[in-house]
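Residue numbering for the sequence shown follows this note's numbering, beginning at 46 and increasing consecutively.
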Amino acid sequence: MSDSSSAPSVYTAYQGNTYLFGGNAPYVEEMYENYLSNPGSVPDNWRAYFDALQNVPATDGSHTKDVPHLPVINAFAERAKAGTTKVVQASGADSELGRQRTAVQQLIAAYRNVGARWADLDPLKRAERPAIPELEPSFYGFSDGDLETVFNTSNTFFGKDTMSLRDLLNALRETYCGTIGAEYMYMTDQAQKRWWQQKLESARTNPKLTADQKKRVLDRLTAAEGLERFLHTKYVGQKRFSLEGGESFIVSMDELINQAGARGVQEIVIGMAHRGRLNVLVNSLGKLPADLFAEFDHTAPEDLPSGDVKYHQGFSSDVSTPGGPVHLSLAFNPSHLEIVNPVVEGSVRARMDRRADPLGKQVLPVIVHGDAAFAGQGVVMETLALAETRGYSTGGTVHIVINNQIGFTTSDPRDSRSTLYCSDIVKMIEAPVLHVNGDDPEAVVLATQLALEFRMEFQKDVVVDIVCFRKLGHNEQDTPALTQPLMYKKIAQHPGTRKLYADKLAAQGLGDTLGDDLVKAQRAAFDAGKNTFDPVITNFKSKYAVDWTPYLNKKWTDAGDTAIPLAEWKRLAERITKSPDNFTVHPLVKKVLDDRAAMGRGEVNVDWGMGEHMAFASLVASGYPVRLSGEDCGRGTFTHRHAVLHDQNREKFDVGTYVPLQNVADNQAPFVVIDSILSEEAVLAFEYGYASNDPNTLVIWEAQFGDFANGAQVVIDQFIASGEVKWGRVNGITLMLPHGYEGQGPEHSSARLERFMQLSADTNMQVVQPTTASQIFHLLRRQMVRNLRKPLIIMTPKSLLRNKDATSPLSEFTKGGFQTVIPDVKDLKAEKVKRVIACSGKVYYDLAKKREEKGADDVAIIRVEQLYPFPHKAFGAELKKYPNLVDVVWCQDEPQNQGAWFFVQHYIHENMQEGQKLGYSGRAASASPAVGYSHLHQEQQKALVDGAFGKLKGFVLTK
């Protein structure tokens, strides 16, 4: 007797597929044939059905995908007509077969070059497969009758020296047109191209995961989806920039971290924007869900002056991997997309230098991009341009694109970019790209493995472009269907990557309830504020970890001993003014060295270049590394530095340089000077990232002209000025910005001092305008000798570099320190002084000259060298020296609406006595920083200097 309990299930199964048989069979077979040739050519519901069939194991238990049947049938039919089915070995002796052999090589090259255009990449299955004749055998004159012809394929890696055209075509399509589309043929390095061919073709780009590995993939998909859905239901409407639709990214990160650890990587620095950031924090870095939920509930600690939103927060942890502990750092970043990229690279370079790891074998940068930002933001190009340079290389970066095919709101490809792929920008540095369908998480694993292996082998950038979708809007309060109705109809019908993969594993016999069991376990864990697994290692500390404790909670008034002994001065001066034997320096440079040698001996006053050099020399001799970068900073824009000497008789470009500052002591710290690429934004951000990870190094970025710093304004605003109050990140980066009004026009006069003054608050940075050689010496040394780590903004001079009045006697370097305010240096009778002119920068020397001409011994001139934090105590003490003081005039070169005036007037007013008046003398307010007409510049300069000694005009404030 049969078991009646099984009857309903059998009948149900029969009902479920009976439409496939009978009169419908030819129609279904034709549609399946079309699907095998081009999956996009059949309706969506049939494609979904046929896709599912590909997950069912073959009769031999393998997971080999089906191939088109019609060419096989036609080939045998043509052979039958010809009266034979004998396979003909192609021979070069036959002209036709010779042509075919050439055509086969062209076919192979075509798939390697553009096969990705036919790859199955879109989880939403929207786009039709483009017509690419070069990928069709008929383009080369082949017919179905040629499919059994055997050709030489020894230049491929399919494992056979000869293959039939049919097998070759199937192998090419399986390799290059599956769910991974590889781009690498534009690379000029033949070894790298052959590496990719070997890796892709030998495996046919077919992932081979064990059952346990597949379960791990499903677990990570479940964790990614589970967190988003948990947050969506518990914190309705709150912004989190969901990862739903791109959950395979977490699979990629999991594989990357573990494989990197297995390959000896000990640190991974990650930069990414807000999309999926919370998911990475919890599911990749191991942040406790309870801590994340506390931020949503507003119960987390809020102990910073400003703080930031949760999806800008950084995090670090130590996790276990097959190769041992790996330190993970997720960089803090603002909403300015992609700006974190060079910050990450700088942080990585600092870690590499600390480990003496020039190839980046132990430290890995990982940058996560959105598709629209990757193609649209200029800092991406600037950062890529740094990748192969000596001063900024990091051993190759793994780029991962969360490509949701929409960016912010643009789903029409005619508006999204001017390139075929969002990743095309990386072709400028010949970085290979693996496009991968996010609905095939196993392919994502394989692409990640290959990308990491390539990076570790060749120390080059590589891209994994995960093509996925965005289930919700740009944020959780957005309604994307308003502008993307077609896309979001498709998304609404998509069951989710986790569900698709769970069904696939069930079909492979790995458990019908596996997916549901993982979902339940994940939900229970989140309800308890925990993870289902915890990779984080507690109480582990690497010997390379930086202890920031000595640099926290310091005051800007803290003292630092910046003078050096006379004997040390002379020893260092001798070392930095010598060049090697048989090394011919330029005659002009020879004079500079000779003059500096005389300065070192105390025979003449010390100029700016020597004061700066001696600061560097004394620091590296004391164990403080110095890193100086910028455009032409080795020589100096104004040829004042000459940190790098060039042998005038050298015969090769890469030899014949000598850096005296690298030869001041046997066990000195490194001195690195880098002539950067012509970039402000990426280079400054790189140096910020470097300084954020190395408080013991004097990190300096020098602008060619201070005016050009505005090209890096995002870095200044979002990191340098506000990083500490938003994220608690201490940073001691130094900016040297040439500033001064010498008639060079609107773009070569002003470093926009007013912008830095506007950004100054919360004792966040130091804004300084030194006017003598000894001042720059003590200032640079102070930045390292005392433990205060705040950004230092220096308005450096131009004409003062060679102004004898700005030189300093040797005694000012062997004693004393940096003066925030320089008193009047003239021997005045205090009771006679009726006016104090307060100023900052070059204008002091114009004022001093004018006073001498006028014989105005009732006017004192005070230099405010540190504009922020304002030195109230020192400035107030100067004003009190003059008991009969009537008024104070602030004099500046800059227009009234620029420079320091609007920001220092209340500081000055605060230190005045009742009845005293405050006035202004300077250029009138202007839309432009400076005039371009030299005669007008001279007229303005004369007027502002004269005005400082004349009757108060315009704005006058009485205390």
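A virtual CB, placed ideally from N, CA and C, is assigned to each residue, including glycine.
Model, not experiment: these values are computed from the prediction.
Quick check: what's the CA-CA separation for residue i versus residue j?
i	j	result
ARG462	ALA420	7 Å
MET644	PHE661	16 Å
LEU550	PRO715	55 Å
ASP869	ILE412	53 Å
LEU743	GLY777	8 Å
LYS260	GLU487	11 Å
ASP561	ALA93	21 Å
LYS170	GLY541	14 Å
LEU404	ASN197	39 Å
LEU669	ALA590	The question names Leu, but residue 669 in the sequence shown is Tyr. C-alpha separation (whole angstroms): 17 Å.
ALA236	GLY369	31 Å
LYS996	PHE753	37 Å
PRO84	ARG459	24 Å
GLY647	TRP653	15 Å
HIS980	ASP938	15 Å
Which residue marks the beginning of the alpha helix (DSSP H) containing residue i, and which one marks its end?
i	result
LEU337	334-342
GLU300	293-307
MET426	423-431
GLY180	Rather than Gly, the amino acid found at residue 180 in this sequence is Leu. It is not in any alpha helix (DSSP H) - LEU180 carries neither H nor E in the DSSP assignment.
ASN328	322-328
GLN494	486-503
Using DSSP's beta-bridge definition, name the partner residues of residue i.
i	result
ASP932	ARG880 and LYS962
GLY415	ILE447
ARG908	ILE867 and CYS884
TYR280	Its beta-bridge partners do not exist; DSSP assigns none.
ASP363	HIS372
MET230	Answer is none; MET230 lacks a bridge partner.
MET781	GLU747 and ILE839
ILE313	LEU373 and LEU409
LEU1002	LEU963
ILE511	ILE447 and VAL481
Determine the extent of the beta strand (DSSP E) in which residue i is found, giving its start and end residues.
i	result
PRO370	369-375
TRP614	No beta strand (DSSP E) holds TRP614; the alpha helix (DSSP H) holding it covers 611-621.
SER674	671-675
THR147	Run containing THR147: none in the beta strand (DSSP E); it sits in the alpha helix (DSSP H), 140-159.
MET208	207-209
VAL717	716-720
VAL389	VAL389 -> not in any beta strand (DSSP E); alpha helix (DSSP H) instead, spanning 385-400.
PHE196	195-197
Around the C-beta of residue i, are 16 or more other C-beta atoms found within 10 angstroms, so that it is buried, or is it exposed?
i	result
PHE377	buried
GLN145	buried
ASN324	buried
LYS918	exposed
THR129	Per-residue confidence for THR129 stands at a pLDDT of 48, beneath the threshold of 50, marking its modelled position as unreliable; the derived number appears in the next sentence. Answer is exposed; the Cβ neighbour count stays below 16.
ASN576	buried
TYR733	buried
SER819	buried
SER794	buried
ARG880	buried
Under 8 Å between the Cβ atoms of residue i and residue j?
i	j	result
LEU963	LEU1002	yes
LEU497	ALA305	yes
SER844	GLU787	yes
MET473	LEU531	no
GLU383	ALA418	yes
GLY751	ASP720	no
GLY768	GLU726	no
PRO974	PRO791	yes
PHE202	GLN150	no
LEU301	LEU330	no
LEU930	ASP603	no
ARG157	TYR221	yes
HIS687	VAL637	yes
VAL770	LEU912	no
PRO410	THR439	yes
Cβ of residue i versus every heavy atom of the ligand GTP: is any distance shorter than 7 Å?
i	result
LYS544	The ligand GTP is absent from the structure shown, which contains no ligand whatsoever.
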